[in-house]
Structures are given as C-alpha cells and as structure tokens.
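Residue numbers (this note's numbering): 15 to 255.
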C-alpha cells in the first residue's frame, strides 16, 4: 500500500474528513485484535495508527501483523521509539517533537533509525509533533523529558507549527496527549490551520461525536482517537459508516 501521504493531501484539499484509530501495543492484546478491528472496519475510520510512548520490544511487530490480517485500512506507525519500527506496517509518521528542546527527539532518534529505515519498505512521512499541556503529565513528557507548550501561549504554538512546515515537515500533529482531560480548543486548531499549507492532524482528549465534529469544523484534516475507544468500545456505534 503506497501513496498514503498523497491520499491525505488530496483528502485535505477536498475537505474529506479522515479519522485514525490509535492502538497502543502495550494495551491491546493480540487475541482481542479481531473483534476490535471488526468494529473499526464498520466505522468511519480511514486509518489505523499503532504506537505508544512506552512499548515492549517486539510488541509492535506482532500487533501490526495481526491487525493486517483483519483490515484493508492503511496501518501507520506512530512510534515512541525505534523499537516500534516494523516493516509489517504501511507507513511511518517520522515524528520530530518540535514543541520540545530535547535533541534526541528532534534529530537524535532519527539518526539512530536511519539505517533501519533504509533497509525496509515503509512510506516515510516527516511529521512535526507539537505537544500541548492538558492538565496532567503525559507519558510523552515523561519519556521525552520535554515540556508541552502552554495552551495560553498561542503565539508560540503558531510559530512552532509554521517553523515545522518551513523545515520541510509534511504533516503537523497537534497533540493533547494520551488520556488528556480535554481536547485542544477549536480556536487553537483554527488558527494553526490558517498558518499552514500542509495537512493538520489533531489528537488527544476527544471522547464524543460533538468534540470530533468541532475539531473538523475548526480545520483538522485528520483526527486521532485512542483512549476513548480503549475505555468504551461502544463509541464505535456512534461512528458507523
């Protein structure tokens, strides 16, 4: 499966709404994949993201292989570390944590991953990853040893997103973090989108159809939902095709 990025761009230009279901390898048991993916397939989901901040070595490879048995949706890696890279997936969000200042997550980890990526066939999508505060410490903060941007500092958020685009990122990902207490405000989404000429991904804290709709209206091209489905799979019933 190729041209995943091109399809995201085309969908963005035509205002087609994209939805990714995020699956954490440390939280999803392989024996539960079939039932879960069946629900994903009957929903409006367009992509499956796989990854987490803290994942056991080998868990991603096994999980992705099982997911691919049950769906034709593109499976995109959303890795927290190099050990989560697997050639079983279709594409990779090559994340640069541009909201932080830890060189490991700006370029260091990428250098370590380069040789592995040269030897496998994955579509690579350079992504500027911007973490916003959400009321509690996230695993991303703890693992990356970085601070999120304050939601009240709109100027820095906007400049960070634009800097990511100017550096050559193909996507900007606004993230409130796993288990966020509340989603990113629509005003932030809207103003960031106005700054960009590339697709905008938004995730974290979205737990209702109304919040999902608000993110799209504000300008999100692709919305990512993870915790909401982990805590309540009946949420899929509200998102049927």
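All C-beta atoms in this analysis are idealised placements derived from N, C-alpha and C, irrespective of residue type, glycine included. No experiment lies behind these values; they were computed from the predicted model shown.
{"Asked": "Beta-carbon proximity of residue 162 to residue 113, cut-off 9 angstroms", "Found": "yes"}
{"Asked": "Beta-carbon proximity list for residue 134, same chain, < 6 angstroms, skipping 5 on both sides", "Found": "101"}
{"Asked": "Contact belief for residue 185 with residue 215 at Cβ below 8 angstroms, rounded distance in angstroms", "Found": "6 angstroms"}
{"Asked": "Cβ-Cβ separation, residue 194 to residue 233 (assumed contact under 8 angstroms), whole Å", "Found": "Going by Cβ atoms, the distance from residue 233 to residue 194 rounds to 19 angstroms, so no, they are not a contact pair."}
{"Asked": "Alpha-carbon spacing of residue 147 relative to residue 81, whole angstroms", "Found": "31 angstroms"}
{"Asked": "Distance between residue 245 and residue 36 (C-alpha atoms, nearest Å)", "Found": "13 angstroms"}
{"Asked": "Start-to-end residues for the alpha helix (DSSP H) that takes in residue 153", "Found": "153–158"}
{"Asked": "Buried or exposed (CB count within 10 angstroms, at least 16 for buried), residue 61", "Found": "buried"}
{"Asked": "Residue 151 classed as buried or exposed, judged by whether at least 16 other C-beta atoms fall within 10 angstroms", "Found": "exposed"}
{"Asked": "Residue range of the beta strand (DSSP E) that includes residue 185", "Found": "185–189"}
{"Asked": "Close beta carbons around residue 203, own chain, < 8 angstroms, minus the five adjacent residues each side", "Found": "188, 214, 216, 229, 232, 233 and 234"}
{"Asked": "Per-residue DSSP class, three states only, for residue 87", "Found": "coil"}
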